[in-house]
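The next block holds one structure in the form of structure tokens; read it before the comments.
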Amino acid sequence: APPSPARPAASAAMMAHGVPNAVFTLRTGISQGKMVYIGKGGAIDGQVHPTLTAHKGDIVQITLINGEGAEHDLTVPDMHVVSQRVNGPGASSTLTFTAGNIGSFPYFCTIPGHRQAGMQSLIQVVPATPKEADKGVSIVRDPADMPPPVGERGPMTVRYDLEAIERVGRLADDTTYDFWTFNGKIPGPMLRVHVGDSVELHLKNAENSVMMHSIDLHAVSGPGGGAVLTQVGPGETKSFIFKALHPGLFVYHCATPMVSAHISNGMYGMILVEPVGGLPPVDNEFYVMQGELFTAEPNGHTGLQEFSFDKPMDERPEYFTFNGAVGPLTTEHPLHARAGDHVRIYFGVGGPNFTSSFHVIGTLFDRVYANGSLESPSLAGVQTISVPPGGSAIVDLTVPVPGKYIIVGHALTRMEKGLVGALIVDGK
Amino acid sequence: APPSPARPAASAAMMAHGVPNAVFTLRTGISQGKMVYIGKGGAIDGQVHPTLTAHKGDIVQITLINGEGAEHDLTVPDMHVVSQRVNGPGASSTLTFTAGNIGSFPYFCTIPGHRQAGMQSLIQVVPATPKEADKGVSIVRDPADMPPPVGERGPMTVRYDLEAIERVGRLADDTTYDFWTFNGKIPGPMLRVHVGDSVELHLKNAENSVMMHSIDLHAVSGPGGGAVLTQVGPGETKSFIFKALHPGLFVYHCATPMVSAHISNGMYGMILVEPVGGLPPVDNEFYVMQGELFTAEPNGHTGLQEFSFDKPMDERPEYFTFNGAVGPLTTEHPLHARAGDHVRIYFGVGGPNFTSSFHVIGTLFDRVYANGSLESPSLAGVQTISVPPGGSAIVDLTVPVPGKYIIVGHALTRMEKGLVGALIVDGK
Amino acid sequence: APPSPARPAASAAMMAHGVPNAVFTLRTGISQGKMVYIGKGGAIDGQVHPTLTAHKGDIVQITLINGEGAEHDLTVPDMHVVSQRVNGPGASSTLTFTAGNIGSFPYFCTIPGHRQAGMQSLIQVVPATPKEADKGVSIVRDPADMPPPVGERGPMTVRYDLEAIERVGRLADDTTYDFWTFNGKIPGPMLRVHVGDSVELHLKNAENSVMMHSIDLHAVSGPGGGAVLTQVGPGETKSFIFKALHPGLFVYHCATPMVSAHISNGMYGMILVEPVGGLPPVDNEFYVMQGELFTAEPNGHTGLQEFSFDKPMDERPEYFTFNGAVGPLTTEHPLHARAGDHVRIYFGVGGPNFTSSFHVIGTLFDRVYANGSLESPSLAGVQTISVPPGGSAIVDLTVPVPGKYIIVGHALTRMEKGLVGALIVDGK
Ligand SMILES: [Cu+2]
Ligand SMILES: [Cu+2]
Ligand SMILES: [Cu+2]
Ligand SMILES: [Cu+2]
Ligand SMILES: [Cu+2]
Ligand SMILES: [Cu+2]
Ligand code: NA
Ligand code: NA
Ligand code: NA
Ligand code: NA
Ligand code: NA
Ligand code: NA
Ligand SMILES: [Zn+2]
Ligand SMILES: [Zn+2]
Ligand SMILES: [Zn+2]
Ligand SMILES: [Zn+2]
Ligand SMILES: [Zn+2]
Ligand SMILES: [Zn+2]
Ligand SMILES: [Zn+2]
Ligand SMILES: [Zn+2]
Ligand SMILES: [Zn+2]
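Chains as they are written, first to last, in my numbering: chain A, -12 to 415; chain B, -12 to 415; chain C, -12 to 415.
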């Protein structure tokens, strides 16, 4: 849930079809009787003469918007760039450069007298090492990483601490991507509470983040589902409390514009609100979410992949993923059960866009809580269940025969783009 | 429901990848012993020597098909065009020109003796002013524009008068489109009856229309859902009566081929057939429909946008809309409620193609009548509901906390293409 | 259900963006102390010095992979091709040629001494006549081709014999395609059993097939849904037995990688597992499935169409089909009923990818068994039902008024690509 449907500066820049990865907008104005640059959107929103932080190697884009009418421009002499002059309210100019060296570099207005009057600040280029160290790190959440059932008890206040972490991780063999995550893995941690519980949710944005982030939980009743209260810049923490009124399996996701980009990059997870009496017990519980990645280069290219700005608009993902990467549920983290086990999968779709036709080859779902709802009639004897983006389903199945059961979206060309997992059933 | 699955002339021309907007097909034949041109498809279907009407500025396309075998052609000397000769049954030729000036211009066959024998008629170019006057007019139906509940009563005959109106309206700031509508707004009016009622439906096609139109209601049992009985040319009116046998929320739409183009251009709405005893009362009722627009130029271009003939085939809309335009439910007509209100949204998808993952950020649906069905088990505690094109859902929600609740399809890249609304909740 | 999620050689070749239609991978290795070529994937998997069979006119592609490290290559002198040398484990080279003439042609390694040591075998080019004779043959299964209800009885063992048949058939007027089918028609035969029955399923792959095939039934509990046990090369037959544990309408399909290509090409059908007590009797039962075809040339081109390797990845079908071809349910095999009849349609989606918004214009579904499930609450009064790929629905409707009822997916642009049928209702 974005705080407002207006498209922010970062998103507008994204639409310009370039691929800057450190994007800022500055508006000129008057503050306390002086001419100033004011940050607009993102982590610098509303700041007077903000320090602009980028990582070494970033393509930096600064859009200057004339806010009060007098003529201005913006230069970063160390980067050999100067904007056009903007004259009259609403006039704007954009400049782009690469942050090649670490250090602090002044930016200011070249109109005679303006810099002296205060129109200046710094661009700070920090090392990219935290991300480079991450190269090849797994961002895949183990599907077995499920908290235990809550069990029957009276309502409590449950505290969760989440952290928005941007990190380069492994998308496929020899292919990495600059993921945005909750707690470093995709999906974010499964939160698990009892209906009636109060949830105290703390969201930190890591110090070395470049973007703002936030959280919208579909279990929340209130504006933005929490996102209005949790827009956090790098290093910031915010929190709020909500009451889990409805039992069910609910998606959460970052809701900082452009929301679909934050979701695509990996910022989604789920919260399970257990009903009174709990769910019927099973032998194995798993946590699986479907995602889409939009890379500038086609599926299969190696190296660090850049986000594509066109492909999301065209709804053309290059990768479909279970738990964040290409096929990790077949290799790194297959699901494991024993013959005869009752298995439950908590399945959700981050998306951002594609409905999943969730299916486990060689099994039928004995029970399906469609729409992730625990207040609706459940289904039985279901082969394939449709799950929309921002939606979920709880599926129960039994696996009498040992062997390998392939987990797919039955839109089967997506298997070729990474959407495949395995449930391995050993003899008892 | 098209009267027949055969692709009509207009549609065949559309497939030719040009962008004519006044499209005619003439077949040669023999009528009462004379060689004639006969209109084929559209408003001129079956007419001998039809007058072809276009608006000033239209790109006119005429396809000549040899129907009886003798050699013919077609010329419009004032437009400096002449077709190839068509010789033998089935031979055809197409010519295209721009209707630059208002007036009446002869067309005829140049084969010696044919014009004299009667093979001639007129192209009438009329002012485009009625449409130009419309430029920028809102075509957005206020989501609060809901008729009141029918209440409990015996079966009645209810009369509705609908009019197919083509008008240039506002798609986005500084962007207009030549919409086709029922009663001038998108969606068409909500019809509201009681199960068992007889509905007498009159469909007029406005005098200044260029296309034929019709209506197919999903509440009708009978060929074409009404579309077979209501194909109306410009200025015509037709009517029929049907009995509302099933309670539910049903889509209606124009079903004149190419049906998907008529739907995309705005010709859809809904009829609510209330069940015995009515629906549970709520504080606020709203009416929202999702649509897709296919413009030749990309999303964001200003000025009058042309329909694209390729993009519908590729299922690549440039715009997604609630109630016809880009984001009008956030600006022009947000939904309004007060804290604690029970809110009901009658939601449908015109499409033509995309399933909606309907979601209101910051709320859960307390009750969902999925598929628009009032004879099926309802759902509760639902975060996101899938609604197919030509389908609907009734969703009930409560909004305890004041603030702004963003209405989306959870395929969230579509938000960037216009699919966003707001429910504004004031304190009580 | 593929036996393994690993992408096989044939599929890797497909990704190379060429259009070979006889694709082989050979790995070098040591077998019984000798240097050998070993087949990898497809019908030759694991064979030492396999004979490679192609049809006259095929574009043959052979990928050579170095398996053991010594230097090798591969030549087919009669085709004037020789691969690059592959040196060191994992090195590979691909050659492509056209099988222009019928006959047996040696292939071997040119490294001195290797051919003599045994590194040689044959490419056999067989006549394409069996397929040419098929040109224009109908591959459309009559929707009335439904076995009768099973009726109430104790559990039995029911035997079905299916045959994978590749044949050139009619896709549209003057347009043909090399379909892959079960039993020569699309969809494959409706299997119909009683819950609790044991099904003995024999799958033969026709002698003149080029590909391996298999069967995965969504009614099966066990790895691959049967596909692990039924991978059959040309001329082979395999069988297995399973118990139909759940009532419902279940999709079956070929699950030989690349699975989505086998499905797209026509290898899908359904099995109806009747519940205890059977389904309520109706007057007419029909069998309809939706498919997608990916042709290299756009919709509407005539002649024999080639499979496109890019379009499935982009989810851009050129054709949408009911029962395998363009509009056959309006022309060749419309559905027939009489006024007042109760009609049931067993509807499924082969896909591979698109969810159907199934709708019959001019009717409402009185009853829908959504998800093909007979153990879940059924729905009533439904206008349009979402059916995912690899999913199904049973819909009941009544047609009181004579006339023509058009069958569509309500994503109506697909009608222009072939997705249309008709239910013709005669007076009683
Ligand atoms: Cu974020
Ligand atoms: Cu399957
Ligand atoms: Cu119309
Ligand atoms: Cu949300
Ligand atoms: Cu096959
Ligand atoms: Cu309809
Ligand atoms: Na970044
Ligand atoms: Na899928
Ligand atoms: Na027009
Ligand atoms: Na959506
Ligand atoms: Na294959
Ligand atoms: Na459809
Ligand atoms: Zn950076
Ligand atoms: Zn490349
Ligand atoms: Zn959401
Ligand atoms: Zn016009
Ligand atoms: Zn442009
Ligand atoms: Zn319709
Ligand atoms: Zn072949
Ligand atoms: Zn062409
Ligand atoms: Zn399947």
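Beta carbons: idealized from backbone N, C-alpha and C, even for Gly. Source: prediction; values computed, not measured.
*Return the CA-CA distance between residue 356 of chain A and residue 237 of chain A, expressed in angstroms with no decimal places.*
12 Å
_Where residue 342 of chain B meets chain C, residues with beta-carbon distance less than 9 Å_ = 342, 344, 373 and 398
*Tell me whether residue 402 of chain A counts as near ligand 3, meaning its Cβ is closer than 7 Å to at least one heavy atom of that ligand.*
no
*asked:* Which residues of the stretch 383 to 397 of chain C have a Cβ closer than 7 Å to any Cβ of chain B? Give them in chain order.
replied: 387, 388, 390, 391, 392, 393 and 397
*Is there at least one non-hydrogen atom of ligand 5 closer than 7 Å to the beta-carbon of residue 189 of chain C?*
no
*Does residue 370 of chain A come within less than 8 Å of chain C when only Cβ atoms are used?*
yes
*Would you list the one or two residues that DSSP bridges to residue 501 of chain B?*
As shown, chain B starts at -12 and ends at 415. That puts residue 501 of chain B outside it, with no answer to give.
*Are the stretch 262 to 273 of chain B and the stretch 329 to 337 of chain B in contact at 8 Å, needing three or more beta carbon pairs?*
yes
*Under 7 Å from any heavy atom of ligand 3, does the C-beta of residue 241 of chain B make it?*
yes
*List in chain order: all unbroken beta strand (DSSP E) runs of 3+ residues lying wholly within the stretch 9 to 62 of chain B.*
9 to 18, 21 to 26, 39 to 42 and 46 to 52
_Under 8 Å, Cβ to Cβ, is there at least one residue of chain C near residue 367 of chain A?_
yes
*Is it true that the CB of residue 288 of chain B sits closer than 8 Å to the CB of residue 162 of chain B?*
yes
*Mind the definition here: the stretch 346 to 356 of chain A touches the stretch 386 to 395 of chain A only if three or more C-beta pairs lie below 8 Å; say whether that holds.*
yes
*Cβ-heavy atom distance between residue 409 of chain B and ligand 5 below 7 Å?*
no
*Check distances from the C-beta atoms of the stretch 294 to 308 of chain B to those of chain E and list, in chain order, the residues that come in under 8 Å.*
Absence of chain E from the displayed structure is noted, the protein chains being A, B and C.
*Minimum Cβ-Cβ distance from residue 234 of chain B to chain C less than 8 Å*: yes
*Which of helix, strand or coil does DSSP assign to residue -11 of chain B?*
Reliability fails at residue -11 of chain B, whose pLDDT of 39 lies under 50, so the model's placement of it is uncertain and the value that follows must be treated cautiously. Coil.
*Closer than 9 Å by beta-carbon distance: list the chain A residues that pair up with residue 316 of chain C, in chain order.*
The contacting residues do not exist; residue 316 of chain C stays about 23 Å from chain A at best.
*Name, please, each residue of chain A whose Cβ falls closer than 8 Å to the Cβ of residue 361 of chain C.*
368
*asked:* Can you look up residue 321 of chain C in the DSSP assignment and give me helix, strand or coil?
replied: coil
*Between which two residues does the beta strand (DSSP E) carrying residue 344 of chain B extend?*
343 to 347
*How would you label residue 292 of chain B, buried or exposed, when you count the other beta carbons within 10 angstroms and need 16 or more for buried?*
buried
*asked:* Distance check for residue 53 of chain C and residue 61 of chain C, CA to CA, integer angstroms please.
replied: 11 Å
*Hey, how far is the Cα of residue 28 of chain C from the Cα of residue 12 of chain C?*
7 Å
*Excluding five sequence neighbours on each side, which residues of the same chain lie with their C-beta closer than 6 Å to the C-beta of residue 210 of chain B?*
none
*Confirm the yes/no value for this check: CB of residue 167 of chain A, any heavy atom of ligand 1, distance under 7 Å.*
yes
_residue 214 of chain B (DSSP reduced to helix, strand or coil)_ = coil
_residue 283 of chain B Cβ short of 7 Å to ligand 1 heavy atom set_ = no
*asked:* Using a Cβ-Cβ cutoff of less than 8 Å, which residues in the same chain neighbour residue 225 of chain C once the five nearest sequence positions on both sides are dropped?
replied: 189, 190, 216, 217, 218 and 219
*asked:* Report the CB separation of residue 73 of chain B from residue 261 of chain B in whole angstroms; it is logged as a contact under 8 Å.
replied: Not really, about 56 Å apart at Cβ, beyond 8 Å.
*Can you check whether the CB of residue 239 of chain B is closer than 8 Å to the CB of residue 311 of chain B?*
no
_When you compare the CB positions of residue 339 of chain C and residue 250 of chain C, do they come within less than 8 Å of one another, or not?_
yes
*Cα separation between residue 290 of chain C and residue 44 of chain C?*
15 Å
*asked:* For a test of the three-state rule: what should DSSP assign to residue 156 of chain C, helix, strand or coil?
replied: strand
*asked:* Contact defined as beta carbons within less than 8 Å: I believe residue 280 of chain C pairs with residue 304 of chain C. What is the distance between those atoms, to the nearest angstrom?
replied: 6 Å
_Beta-carbon within less than 7 Å of residue 317 of chain B's beta-carbon, same chain only, minus the 5 sequence neighbours each way: which residues are those?_
407, 408 and 409
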